[in-house]
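Here the structure comes first, spelled out in structure tokens, and everything after it is commentary.
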Amino acid sequence: MSSSLTFDRVSRMFGQSEVLSDVSLTVPARSLVALLGASGSGKSTLLRIASGLDAPSSGSVLVDGQDASAVPAENRGIAVVFQKPLLFPHLTVVDNVAFPARMAGVTRREARSQALEFLDLVQLGGFARRMPGQLSGGQEQRVSLARALAAQPRILLLDEPFSSLDSRLTDDMYELVGKIRAELEPTIVLVTHDRREASVLADTIAVLDEGTILQHGPVPELHYQPATRAVNRILGGLNEVPGHAAGGFHTSVLGRVRVQPGVPDGPALLVVRQEALRLIRNDDGGTSSGDEAPTGVVTEVKSMGAHVLVRVRVESAPGSGSTAVESIAVELAGAPALRAGDRVGVSLAGGQGWVVRA
Ligand SMILES: Nc1ncnc2c1ncn2[C@@H]1O[C@H](COP(=O)(O)OP(=O)(O)OP(=O)(O)O)[C@@H](O)[C@H]1O
Numbered sequence: 001m002s003s004s005l006t007f008d009r010v011s012r013m014f015g016q017s018e019v020l021s022d023v024s025l026t027v028p029a030r031s032l033v034a035l036l037g038a039s040g041s042g043k044s045t046l047l048r049i050a051s052g053l054d055a056p057s058s059g060s061v062l063v064d065g066q067d068a069s070a071v072p073a074e075n076r077g078i079a080v081v082f083q084k085p086l087l088f089p090h091l092t093v094v095d096n097v098a099f100p101a102r103m104a105g106v107t108r109r110e111a112r113s114q115a116l117e118f119l120d121l122v123q124l125g126g127f128a129r130r131m132p133g134q135l136s137g138g139q140e141q142r143v144s145l146a147r148a149l150a151a152q153p154r155i156l157l158l159d160e161p162f163s164s165l166d167s168r169l170t171d172d173m174y175e176l177v178g179k180i181r182a183e184l185e186p187t188i189v190l191v192t193h194d195r196r197e198a199s200v201l202a203d204t205i206a207v208l209d210e211g212t213i214l215q216h217g218p219v220p221e222l223h224y225q226p227a228t229r230a231v232n233r234i235l236g237g238l239n240e241v242p243g244h245a246a247g248g249f250h251t252s253v254l255g256r257v258r259v260q261p262g263v264p265d266g267p268a269l270l271v272v273r274q275e276a277l278r279l280i281r282n283d284d285g286g287t288s289s290g291d292e293a294p295t296g297v298v299t300e301v302k303s304m305g306a307h308v309l310v311r312v313r314v315e316s317a318p319g320s321g322s323t324a325v326e327s328i329a330v331e332l333a334g335a336p337a338l339r340a341g342d343r344v345g346v347s348l349a350g351g352q353g354w355v356v357r358a
């Protein structure tokens, strides 16, 4: 059975410093919410408070709408997986996973039989009799996940559980999380500083910065409609183009772009994802593409593996009355034949823009 988890105006002081400030967040039952933030932003403290390992200075934690403040950690129905697997070194793999059931008074035979099912789920059925010291890091983390699931928690808290694994292993773990969600439907809170991990795994992302939630929403919203510059940067957005908003349009070196409703007139930054921009080759050096795309000069082409990041120095269109110049980042798939010095047009796919306060 899965439960919802709510933080209601949670604050936490350590001495004079406020590490969490008035955090309110609801994680619906069966959903996966990622808490994304830099080191020191308060993510682990929030998880510790949810699990009952720490208590808020003010505010409360609710499980299925019921205040959990008076419920000790072991009775909250919440399991935690940490970055380090923390297996019992003197117990076999199966007895590590059987441990929560044994603590709950289940017989050894029954607890082992249940543990084997969870080991199968994490694809380690054949490793039951090994000792933890005979496992790889990825296998140890799978066992630790199986042990957390064997406690049959209503809520599963994952505190950077994959951050010490290599990229192929993390992809396997992401698949495993999907499988666990499909089979057991637990409510999951994932703490991570990795925006890719948050984006791949989560239904919604809550961005935590200096103890405050800056924005909580579905993954695409966080990328394409960030509430602030800070959210845009934390989600890896590279372009914040200064300009002016008036009458529902933003004007900058990228031209005149329709923006979201309700934006007050005045200085504003056009936030445009590097993945949402296209480049138009302009081999004759003019603007003969026929398109009204702003033009610029490529200043850098950087390989990012299967993608390239191209930096373009874009100048205001002649006759626009502006002399502004901006460096714009564009991420392109494949290996486009572009070099520093090439003249290109820059076009905004979809044509709709999003602005934040300057
Ligand atoms: N017991 C404590 N006493 C004093 N300060 C603490 C305590 N626990 C955490 N802090 C401080 O609270 C802040 C937030 O810590 P927390 O571990 O929650 O951050 P985090 O976002 O999880 O960081 P990381 O990604 O590095 O684990 C940090 O500045 C940390 O030094």
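Heads up: the sequence shown begins at 1 in UniProt numbering, then just goes up one per residue.
By construction, the Cβ of each residue, glycine as well, lies at the ideal position given by its N, Cα and C atoms.
Closer than 7 angstroms to some heavy atom of ligand 1: that describes the Cβ of V19.
Relative to the Cα of V257, the nearest Cα in the group L53, R195, S347 belongs to S347. When the beta-carbon positions are compared, G37 and L208 come within less than 8 angstroms of each other. Bounds of the beta strand (DSSP E) holding R311 are 307–315. Among the bridge pairs identified by DSSP, T6 is matched with T26, L62. G266: member of the beta strand (DSSP E) spanning 266–271, first to last residue. Non-local beta-carbon contacts of P186 in its own chain, meaning distances under 6 angstroms to residues more than five positions away in sequence, involve S2, L156 in chain order. Here S17 is exposed. Its C-beta has fewer than 16 other C-beta atoms within 10 Å.
When Cβ pairs closer than 8 angstroms are counted between the two stretches, the segment 218–231 is seen to touch the segment 200–207, the count reaching three or more.
Within the chosen limit of 7 angstroms, ligand 1 reaches the beta carbon of F14 through at least one heavy atom.
DSSP lists A246, R258 as the bridge partner or partners of F249. Approximately 31 angstroms separates the beta-carbon atoms of G247 and V297; this is outside 8 angstroms, ruling out the contact.
Counting only the Cα atoms, S144 lies some 30 angstroms from D8. Taking the C-beta atoms as reference points, V241 is found no nearer than 8 angstroms to L222. If you draw a straight line from the Cα of G236 to the Cα of K84, it is about 27 angstroms long.
Between the alpha carbons of V81 and S44 lies a distance of about 12 angstroms.
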